[in-house]
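Following: one structure in structure tokens, then a few remarks.
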Amino acid sequence: MVPLITFLYAFLSILITFANAFVISAVYSTRALRRITNYSLVSLAIADLVVGMVVLPVRICEAQDFRKSQNFSWCQFSLSLTLLSLSASVLNLLIVTVERYFAIILPLSYSSKVTARRNFYAIILVWFVAMFTSFLPFVTLRNMTAKERGREHKICRFADTMSPEYLTFFSAAIVLIPTLFISAAYLKIYRAAVKLRGRLKALQVQRDGNHNIAKALKESKAARTVGIVVGVFYLCWIPFMVAVILSAFVKNLITPVVVLVISVLIYSNSAINPVLYGYLNRDFRLAYKRMFSRISLPSACARVHPRERRRCYELPELSTSSQPGQGIYISDSAL
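Residues 0 to 334 (numbering that gives the first Met the number 0) make up the sequence shown, in order.
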């Protein structure tokens with residue numbers, strides 16, 4: 000089973016690293032993507048990069064050297080990295096949800112309440128909270144009982160390395176409460192979006208016929224995009240959290256095969272997000288094409304006549320006509 004684990008983790012590590020590096024590069028190099036919502040998505044991409052560049056290589060080392068999984072400190076570090084990825088992702092999605100809530104529900108307060116500076120401070124706070132809570136067992140909750148359980152079973156598991164009290168605290172404070180808030184916010188956003196579409200049908204106004212309605216429609220599409228990202232995140236991570244909580248109170252409940260399936264599922268989420276951005280968002284899709292073109296242009300333009308070579312390297316810029324703070328939105332072709 001070790002070769003299979005190594006192959007899956009290595010494949011996911013490479014895929015996650017390149018995919019999320021593309022997201023960060025796309026936002027950095029494309030003016031149309033430099034919006035407050037997308038800055039939080041960049042932070043989410045960084046959390047996914049942690050999975051691809053740190054978490055999975057650590058798990059590969061653990062699979063190759065069984066003695067590492069028997070080391071209590073190494074095991075605790077490895078599992079804390081997974082919790083870091085989870086907490087950073089949840090809290091970054093919380094920031095994006097708050098931004099979308101103001102854009103849809105409280106549009107008049109958006110400009111004064113949601114600023115780039117506040118968004119930056121929120122992202123810094125997210126990473127501080129994520130790192131503090133994820134590595135808290137190293138500071139206060141590392142007790143001999145857990146250490147002896149880890150030595151007894153000689154398996155790197157949450158139930159044998161971290162106390163049930165800590166796992167319950169983490170699940171409630173970092174996962175459950177933000178999840179309930181995100182769900183409640185998106186329920187309200189969904190209702191507002193339905194009312195907006197009803198107004199459009201009643202007034203029989205084209206999207207570009209009324210600037211306020213057209214802008215609100217784009218905001219609702221941005222919320223839909225982020226909502227899909229949140230939904231996929233839940234599908235990938237809920238089985239993991241259920242398994243962690245159950246295994247903390249019921250010994251030997253989760254088999255190694257189930258652990259592998261759940262692990263692949265949660266790590267796959269880090270590779271899915273960049274695909275969702277490209278599929279649901281026109282600006283991201285165009286940015287991806289532009290970046291791929293830049294990679295392939297040197298070899299393609301080398302075959303062009305020298306007089307036409309400069310024109311070959313010139314690429315059209317993405318449109319930046321959309322309003323600041325609008326975030327990502329679904330294009331007509333993606334509906």
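Backbone N, C-alpha and C define an ideal beta-carbon position, used for all residues, glycine too.
Here the structure is a predicted model, which is why all the values come from computation and not from measurement.
- The C-alpha of N19 is placed about 33 Å away from the C-alpha of D159.
- L55 sits close to S12, with the two beta carbons spaced by under 9 Å.
- P177 places its beta carbon 9 Å or farther from that of L279.
- Look at N272 here: in three-state DSSP terms it is helix.
- By the criterion of a C-beta distance shorter than 7 Å, Y27 is surrounded by no residue of its chain, once the five residues flanking it on both sides are discounted.
- The alpha carbon of S292 has as its nearest neighbour, out of A25, P2, V257, the alpha carbon of A25.
- In this structure, DSSP gives N251 a state outside helix and strand, which the three-state scheme calls coil.
- DSSP places N70 in the coil class of the three-state scheme, outside both helix and strand.
- Under a 10 Å Cβ-count criterion, E61 is classified as buried, with 16 or more other Cβ atoms of the shown protein chains found around its own Cβ.
- V243 places its beta carbon 9 Å or farther from that of L175.
- The shortest C-alpha to C-alpha distance from A191 to any of I15, V22, Q63, L105 is the one to L105.
- Three or more Cβ pairs closer than 8 Å define a contact, and the region 117-125 meets that threshold against the region 92-102.
- Just so you know, the alpha carbons of L85 and Y8 end up roughly 17 Å apart.
- Distance from the CA of I294 to the CA of R30, rounded to the nearest whole angstrom, comes to 19 Å.
- Excluding sequence positions up to five before and after L82, its CB lies within less than 7 Å of the CB of S133, F169, all in the same chain and listed in chain order.
- Here R117 is exposed, its C-beta having fewer than 16 other C-beta atoms within 10 Å.
- Taking a contact as a CB-CB distance under 8 Å, the pair I188 and Y100 counts as one, their CB atoms being some 6 Å apart.
- Taking 4 residues as the shortest admissible run, the region 161-188 contains the following complete alpha helix (DSSP H) segments, listed from N- to C-terminal end: 163-169.
- About 6 Å separates the beta carbon of L32 from that of A286, a gap short enough to meet the 8 Å contact definition.
- Residue range 115-133 is occupied by the alpha helix (DSSP H) that includes V125.
- Around the C-beta of G277, 16 or more other C-beta atoms lie within 10 Å, and the residue is accordingly described as buried.
- When rounded, the separation of the alpha-carbon atoms in P2 and S262 is 16 Å.
- Within the same chain, P163 come within 7 Å of F248 by CB-CB distance, once the 5 residues on both sides are set aside.
- For T5, the enclosing alpha helix (DSSP H) covers residues 1-28.
- Between S39 and A87, the C-beta spacing is not below 9 Å.
- By the beta-carbon neighbour count (other beta carbons within 10 angstroms, threshold 16), G230 is exposed.
- Bounds of the alpha helix (DSSP H) holding V57 are 55-63.
- The alpha-carbon of L252 is positioned some 29 Å away from that of F131.
- Relative to the Cα of I59, the nearest Cα in the group L107, V274, F6 belongs to F6.
- If you look at A46, you'll find it in the alpha helix (DSSP H) that goes 35-49.
- Going by beta carbons, S77 and V57 fall inside the 9 Å limit.
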